[in-house]
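Presented below is the structure to which this report refers.
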Amino acid sequence: MALKTVEVRTEKRMQGVAYVVVVVTAALGILISINQLFQLGIAGFMPIASGYYYYILATFLSVSFLVYPARKKDIHHLPWYDWGIYIVCVAVNIYFAANSYKILTGGWEYAAPPFAMALSFVLWALALEGVRRTSGTILFVICLVFSFYPVFGQYLGGMLWGTPFTLLQTSCYHAMGVESIIGIATRVVGDEIIGYIIFGAAIVASGGGKFFMDFALSLLGTSRGGSAKVAVISSAFMASLSGSVVSNIVTTGTLTIPSMVKTGYEPKYAASVEACASTGGTITPPIMGAAGFLVASFLNVPYSAVMGAAIFPAFLYFFMVFLQIDFHAAKMNIQGFQKADLPKFVDVIKEGWFFLGAIILMIVLLLVYRITALAPFYTIIFLFACAMIRKKTRLNKTKFINFLYESAKVLGQLTAILAGIGLIIGSFSATGVANSFSRELLLLAGDNRFLLLLLGAATSFVLGIGMTVTACYVFLAVVLVPALVNIGFDPMAAHLFVMFCGNLSYITPPVALAAISASAISGTSPMATAVTTMKMGILLFILPFIFVMNPALIFHGTLPDILQAVITSIIGTLLMASALEGWFFKFGQLTAIHRAFLLISGLLIVYPEGKTDIIGLIVASCALLLIGVLRRSERRTAAVVKG
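All the letters of the sequence shown, read from the start, carry residue numbers 2 to 644 under our numbering.
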């Protein structure tokens, strides 16, 4: 879910016994989760919460050591020591799970038996190795350093000083405390995210990718620039459901990018469309990646509240991308597909109505019944039951096993990353240093709220270069968000600010992982594609500042304030898109000076201040009036010359 990791192909590694073990382990983990979340008590098995989280680690963390290699040269084979690590991971976590009640009541995180103390070091090492394999060196080093923070924090001065811990105390706290490895990050996986990961795999397994592509084609295929609009809708849908930017580009991009190029878009531009659409999908409800569920957990609010807050910012982002695509198509005279070449809307709905039904059911369960953890499981049952009706979408044995394997891959990756992030949270919790960081940030910014936001955005961007969006969000939710809230920002807006900013590195050079992945498909320069992508997704840089300074954009405020914010932001977005593409509806091509005026007016209107709205509207009105007069004069001159 919104994971930014090194993509590795491990098909040869995952063959024979290894493949079977991964599938069986994942199936067991899913069964344990269903038993726990639905409180079934199968065969009398019903562990306490902390025991359940250890079982999550025993199944899904252990899977990561089989799927993800320790070294690049091991991509195509599975060495013996990976089997050893897998067995150790299963055994250690089952031991802690079996003793979870004793750990809780006996205070083992402070005074554990010698054997448990020894195993605590093993679990600590397993968490670090898991994050190294699934996320790369940078996040591993960050987790490693901060996991030892309780040991050396006492030797640092000022805001860096932390409550002193011995190495043994730190190890026990990490392994057996409820604020570290099995803290909020792992709890969110076990209690909420797991069903959504499985749902995303279920959509793919039952042919959802093709349906959403055909659905978008039947709706917008004939419009100008139809291929790009189809790419935006289909990729956004799939990225929202799967939660993975790069994986979505690799799968849907192989279809959408060649299609856009074929209809007249530059390869570089086509790659940028796919990169922007896939990046935007991870901030779009109903599923917004792991970070969305973590926001709900940090704020202790229903996930539906996070969905409701994120819906309009996500709409604005895609509205901006959509407008730029349309204006670009008009400017370059790029037409849509021939109607005869497109699937008919009625036929598409007949074939895959249950995919839309599944999304509607998911939204109803989240918003009306508010069963965040159980909603995806009910939706999966509905999806698979409907898919079995038609032979084309029916899950056979091979498809079902592959569905379990794909679920295992993502859950293993996510669990490993969040267990590593748990070490950071645990260290901050143990030492109390997070509060010191927040206080120092407030002192550094003084009363300047905008400076604090800039510091936060810059930090989020830098961390996002080497960390997953989820990891970046969790880190800043602990360190930065309290400072934002203390200085007066809306708590939900502050959390979404950090979450949105964490996505910036996907489309920003020099990293721009989304753009680079798309450029590999289009065969274009990665940096040139990244620059075009950044321009197209420019609103993602502005949006977090807008809604954190004006919470009406996340529907926090009075109805008049919300209506004003919605209307002005839509107008401002329209003007900015027009300025960036140099085209405005019937007025056509714009000059540089016209574009400058429209860009300035758009920024003024989007800025959350009544006075700037008025100034921006006046500037825009004058600019458009001037453009209209010039166009009329040009037409008259052309008519005279022609006559």
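Glycine included, each C-beta is placed from N, C-alpha and C at the ideal position. Predicted, not measured: the structure shown is a model, and the values here were computed from it.
Per DSSP, the bridge partner or partners of residue i
i           : result
residue 585 : 589
Whether residue i touches residue j by CB criterion (8 Å)
i           : j           : result
residue 154 : residue 161 : yes
residue 169 : residue 317 : no
residue 545 : residue 502 : yes
residue 212 : residue 353 : yes
residue 412 : residue 563 : no
residue 223 : residue 337 : yes
residue 219 : residue 375 : no
residue 181 : residue 424 : yes
residue 68  : residue 23  : yes
residue 207 : residue 58  : no
residue 349 : residue 542 : no
residue 538 : residue 588 : no
residue 247 : residue 515 : yes
residue 258 : residue 240 : no
residue 547 : residue 609 : yes
residue 150 : residue 428 : yes
residue 379 : residue 188 : no
residue 600 : residue 620 : no
residue 66  : residue 83  : yes
residue 126 : residue 426 : no
residue 690 : residue 290 : Residue coverage of the chain in this structure runs from 2 to 644, which leaves residue 690 outside it and unanswerable.
residue 163 : residue 434 : yes
residue 500 : residue 140 : no
Coil, strand or helix - residue i by DSSP
i           : result
residue 16  : coil
residue 1   : Examination of residue 1 is not possible in this model, given that the chain is present from 2 through 644 alone.
residue 41  : coil
residue 130 : helix
residue 267 : coil
residue 565 : helix
residue 395 : coil
residue 149 : coil
residue 635 : helix
residue 8   : Residue placement at residue 8 is poorly supported in this model, since its pLDDT is 44, which falls under 50; the coordinates are not used for a value here.
residue 371 : coil
residue 343 : coil
residue 624 : helix
residue 251 : helix
residue 389 : coil
residue 547 : helix
residue 181 : coil
residue 162 : coil
residue 26  : helix
residue 655 : Given that the chain is displayed from residue 2 to residue 644, the structure contains no residue 655 and the question cannot be resolved.
residue 610 : coil
residue 36  : helix
residue 447 : coil
residue 557 : coil
residue 335 : coil
residue 629 : helix
residue 260 : helix
residue 570 : helix
Residue burial classification, residue i (beta-carbon count within 10 angstroms, cutoff 16)
i           : result
residue 52  : buried
residue 622 : exposed
residue 389 : exposed
residue 108 : exposed
residue 184 : buried
residue 10  : Bear in mind that a pLDDT of 45 at residue 10, under 50, signals an unreliable position, so the model cannot answer this.
residue 114 : exposed
residue 77  : exposed
residue 638 : exposed
residue 269 : buried
residue 451 : exposed
residue 404 : buried
residue 29  : exposed
residue 504 : buried
Residue i Cβ short of 7 Å to the ligand GDP heavy atom set
i           : result
residue 341 : Summarising the ligand content, the structure contains no ligands, and the ligand GDP is consequently not present.
**Study point:** Runs of alpha helix (DSSP H) lying entirely within the region 44 to 123, each at least 4 residues, in chain order
**Key:** 50 to 57, 63 to 68, 81 to 99 and 101 to 107
Point to revise | Any alpha helix (DSSP H) of 4 or more consecutive residues that is wholly inside the region 462 to 527 | key: 470 to 480, 482 to 487, 492 to 502 and 514 to 523
**Study point:** alpha helix (DSSP H) runs contained entirely in the region 263 to 327, provided each spans 4 or more residues
**Key:** 268 to 282 and 291 to 300
**Study point:** alpha helix (DSSP H) runs contained entirely in the region 395 to 437, provided each spans 4 or more residues
**Key:** 398 to 432
Check your understanding: Mind pulling the alpha helix (DSSP H) runs of 4 or more residues that sit fully within the region 182 to 234?
Key -> 185 to 189, 195 to 206 and 209 to 221
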